Amino acid sequence: MEYLLWGLFGGFAVEGLEFAGAIRRSGKWPWKEPHEIVPLIVSVIIRLLVGGGLAAAAGAAQQINGPFGALAIGVAAPLIIEQLTSQISLTGATGGTLPLVGASAERAADPAGGGDAG
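Using the working numbering, read the sequence shown as starting at 8 and increasing by one per residue.
Listed below in structure tokens is the structure:
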């Protein structure tokens, strides 16, 4: 339970700093319409749960030793998930490969890693 809470805090710290930066850059709330708040809140909740879940799993498996390790996992949760999914081949029930999404799909489409130059 302790690792879960530290992982949640790590995710919250990242989200809070990003939110504060968005307010500082624009000088106002980072949404234009009131209906845009719900997707923002849902995305933050997902981020926190993933960070907390990863930290709890790592703690239960004795892969981390102490609060700072759990906090670091909460901070790095999106990168950890991205790295894990890029290292394994996801297959469906029919044996076919599932499509990649997000950064993993972009990396697969551009194996040279060129990215944007500007």
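C-beta atoms are modelled at their ideal positions from N, C-alpha and C, and glycine is treated no differently.
Computed from a predicted structure; not experimentally measured.
Using DSSP with H/G/I as helix, E/B as strand and the rest coil, what is residue i?
| i | result |
| --- | --- |
| Pro40 | In the sequence on display, residue 40 carries Glu and not Pro. Glu40: coil per DSSP, three-state reduction. |
| Ala20 | helix |
| Ala68 | coil |
| Ile87 | helix |
| Gly34 | coil |
| Gly73 | coil |
| Ile95 | coil |
Apart from the five residues just before and just after residue i, which ones in its own chain have a Cβ nearer than 7 Å to its Cβ?
| i | result |
| --- | --- |
| Ala29 | Pro37 |
| Ala27 | none |
| Ala63 | Tyr10, Leu11, Gly14 |
| Ile44 | Trp38 |
| Gly122 | Confidence at Gly122 is low in this model, with a pLDDT of 49, below 50, so the placement of that residue should be treated as unreliable; the coordinate-derived value is given next. Taken in chain order, the list of residues that qualify is empty. |
| Val51 | Glu22 |
Cutting at 8 Å between CB atoms, please list the residues of its own chain near residue i, excluding the five before and the five after it.
| i | result |
| --- | --- |
| Arg54 | Gly18, Val21, Glu22, Ala84, Pro85 |
Answer yes or no: do residue i and residue j have a C-beta to C-beta separation smaller than 8 Å?
| i | j | result |
| --- | --- | --- |
| Leu91 | Trp13 | no |
| Ile95 | Ile87 | no |
Excluding the 5 residues preceding and the 5 following residue i in the sequence, name in chain order all residues of the same chain whose CB lies nearer than 6 Å to its CB.
| i | result |
| --- | --- |
| Leu47 | none |
Exercise for the section: Take every Cβ of the stretch 16-34, pair it with every Cβ of the stretch 54-64, and state whether three or more of those distances are shorter than 8 Å. Expected result: yes
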